[in-house]
Amino acid sequence: MKKIVLIIASLAALMSCSKESSKDIFAGANPEKVLSKITSQPCGIPEKKQTCEFDKNAIDLGGSVYWSCKLLGAAEIGDFGDYYQWGSLEPGKKSMKEWVFYDASAEHNVNAEYLSFDVLPEKYDAAAQTIGHGWRMPTQDEFRELQAVAHYKSVTYNGNSAGLCWTDKGAIVIPGCEGTDKNNAYLWTVNKPALSSNYTAIQFYFLGNDYMNSGNTYGYQNNSFILPVKSK
Numbered sequence: 010m011k012k013i014v015l016i017i018a019s020l021a022a023l024m025s026c027s028k029e030s031s032k033d034i035f036a037g038a039n040p041e042k043v044l045s046k047i048t049s050q051p052c053g054i055p056e057k058k059q060t061c062e063f064d065k066n067a068i069d070l071g072g073s074v075y076w077s078c079k080l081l082g083a084a085e086i087g088d089f090g091d092y093y094q095w096g097s098l099e100p101g102k103k104s105m106k107e108w109v110f111y112d113a114s115a116e117h118n119v120n121a122e123y124l125s126f127d128v129l130p131e132k133y134d135a136a137a138q139t140i141g142h143g144w145r146m147p148t149q150d151e152f153r154e155l156q157a158v159a160h161y162k163s164v165t166y167n168g169n170s171a172g173l174c175w176t177d178k179g180a181i182v183i184p185g186c187e188g189t190d191k192n193n194a195y196l197w198t199v200n201k202p203a204l205s206s207n208y209t210a211i212q213f214y215f216l217g218n219d220y221m222n223s224g225n226t227y228g229y230q231n232n233s234f235i236l237p238v239k240s241k
């Protein structure tokens, strides 16, 4: 009887360890190991909490939100997503070569309502309007929360320059922009800078020199990627 109890206890311990290991799939991992497992990492909000098909793309990197493993408009992990201007619900031009910087002398190029708020409302949030079900563009604070706990490395993925960002729990890979700025990746937040031009918005960026940070852009009309998030 004691042997049976010991065997059951041992199995329970093994199951517990296995469960814990699955939560920390990238603990102690180097970039090469992360990349080799990135498409097989556990994805998805727990099934009983799923409200839409897109919930299956959720990655828990720790922190207050789930991150999408794919850019808005991307077919697979690491693929290019659609480029968006800040506040636009429709994808914009596909190449950094075609970026249009805001000209302060041409205010008609910017929705006048943008000047009246500090955070992009849901009705102008491309992720919220395209996906729904609680998915949205991230805030600058949510990127900073990720930045505080994540590792980052410039890598090559599927033949493209990319930024690999990972914690013990999961990983995302963001391709660099197409065209002249291919070594760097830029992602919109919903925030405007507190001290800057009225016509700029804040991006989170992954640079090719192993650096990630956030700051204001030259203008709303820059074309950048969107990495959706969903509150836990």
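The sequence shown begins at 10 in this note's numbering and counts up by one. Even for Gly, the Cβ is constructed at its ideal location relative to N, Cα and C.
In this structure, the beta-carbon distance from Tyr214 to Ser223 falls below 8 Å.
If you look at Leu155, you'll find it in the alpha helix (DSSP H) that goes Gln149 to Val158. By the criterion of a C-beta distance shorter than 6 Å, Gly143 is surrounded in its chain by Lys239, once the five residues flanking it on both sides are discounted. Of Ile68, Pro184, Trp197 and Gly53, the smallest CA-CA separation from Ala136 is found for Trp197. Sequence-distant partners of Phe35 (beyond 5 residues in either direction) whose C-beta falls short of 8 Å from its own C-beta, in its chain, are Lys42, Val43, Lys46, Gln50, Trp175, Thr176, Asp177, Lys178, Gly179 and Ala180.
Sixteen is the threshold: since fewer than 16 other Cβ atoms of the shown chains lie within 10 Å of the Cβ of Glu56, the residue is exposed.
Cα atoms of Gly53 and Asn232: separation of roughly 28 Å, rounded to the nearest angstrom. The three-state reading of DSSP puts Tyr227 in coil, since its state is none of H, G, I, E or B. In the DSSP assignment, Pro184 falls within the unbroken beta strand (DSSP E) covering Ala180 to Pro184. Under DSSP, Met221 takes part in a beta bridge, and its partners are Phe215.
The continuous stretches of beta strand (DSSP E) do not include Leu44, which lies in the alpha helix (DSSP H) extending over residues Pro40 to Lys46. Contact between Gly90 and Ile211 is ruled out by a C-beta separation of about 18 Å, above the 8 Å threshold. Straight through space, the alpha carbons of Met221 and Asp150 are spaced by roughly 14 Å.
Membership of Lys239 in the beta strand (DSSP E) is indicated by the continuous run Val238 to Ser240. A buried status is given to Thr226, since no fewer than 16 other beta-carbon atoms sit within 10 Å of its beta-carbon. Residue pairing from DSSP places Ala194 in a beta bridge opposite Phe215. Between Ala171 and Gly87, the beta carbon gap of about 6 Å places them in contact (Cβ cut-off 8 Å).
Close CB contacts of Lys241 within its chain, under the 7 Å cut and outside five residues either way in sequence, are with Ser73, Val74 and Tyr75 (chain order).
About 15 Å separates the beta carbon of Lys162 from that of Leu155, a gap too long to meet the 8 Å contact definition. Rounded to the nearest whole angstrom, the C-alpha separation of Leu216 and Asn120 is 29 Å.
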